[in-house]
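The structure appears below as structure tokens.
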Amino acid sequence: MREKMDKIRIVIADDHAVVREGTRSLLEMEEDMEVVGEAADGQEAVKLIEQLQPDVAIVDISMPKLSGVEVVRQIKPLCPKTAILILTAYDNDEYVFALLEAGAAGYLLKDASSHEIVDAVRSVHAGESVLHLLSPARLSSV
823 MREKMDKIRI
833 VIADDHAVVR
843 EGTRSLLEME
853 EDMEVVGEAA
863 DGQEAVKLIE
873 QLQPDVAIVD
883 ISMPKLSGVE
893 VVRQIKPLCP
903 KTAILILTAY
913 DNDEYVFALL
923 EAGAAGYLLK
933 DASSHEIVDA
943 VRSVHAGESV
953 LHLLSPARLS
963 SV
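Going from the sequence shown to the working numbering is simple: count from 1 and add 822.
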């Protein structure tokens with residue numbers, strides 16, 4: 823079991839308060855995770871991530887002021903050790919490629935289960951890539 827000081831430090835950036843609150847509640851149930859900050863727009867996300875230097879930043883694509891893609895582009899040079907996990911409703915190949923090119927470690931859809939989100943945070947923190955490209959609804963129609 824990890825000691826308190828070894829917890830995965832996380833920042834959540836999403837313009838929907840209910841998503842931030844739900845994600846925080848989910849992650850803080852895990853003994854090895856701690857949410858250290860929340861941002862409601864892209865500019866706030868960049869400032870907060872730069873200031874707090876979290877292990878993992880969970881970032882939405884569509885946010886006011888700066889998009890998730892632009893947040894990733896700005897953060898990676900400033901905080902190269904912060905793994906960025908995109909958590910979004912957008913299942914779009916162009917976003918995936920742009921985000922991976924910018925340095926995101928993972929791309930997860932908001933229809934992912936709570937178990938998948940927790941696993942994805944641990945995976946990107948461990949240096950692995952996570953790609954959740956097809957929702958269950960799309961899989962059944964393929």
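Every residue, glycine too, gets a C-beta built ideally from N, C-alpha and C.
Item: Beta-carbon separation (whole angstroms), glycine 928 vs isoleucine 897, contact threshold 8 Å; Value: Their Cβ separation, rounded to whole angstroms, is 14 Å, which puts glycine 928 and isoleucine 897 out of contact at 8 Å.
Item: Spatial distance of alanine 948 from isoleucine 906 (CA atoms); Value: 12 Å
Item: Spatially closest choice to glycine 859 from Ala911, Ser889, Val881, by CA coordinates; Value: Val881
Item: Closest by C-alpha distance to aspartate 877, when choosing among Met855, Val893, Glu892, Ser889; Value: Met855
Item: Beta-carbon gap between valine 833 and valine 857 smaller than 9 Å; Value: yes
Item: Cα-Cα separation, leucine 848 to serine 936; Value: 7 Å
Item: Supposed contact pair alanine 862 and isoleucine 871 - C-beta distance, whole angstroms, cut 8 Å; Value: Not really, about 13 Å apart at Cβ, beyond 8 Å.
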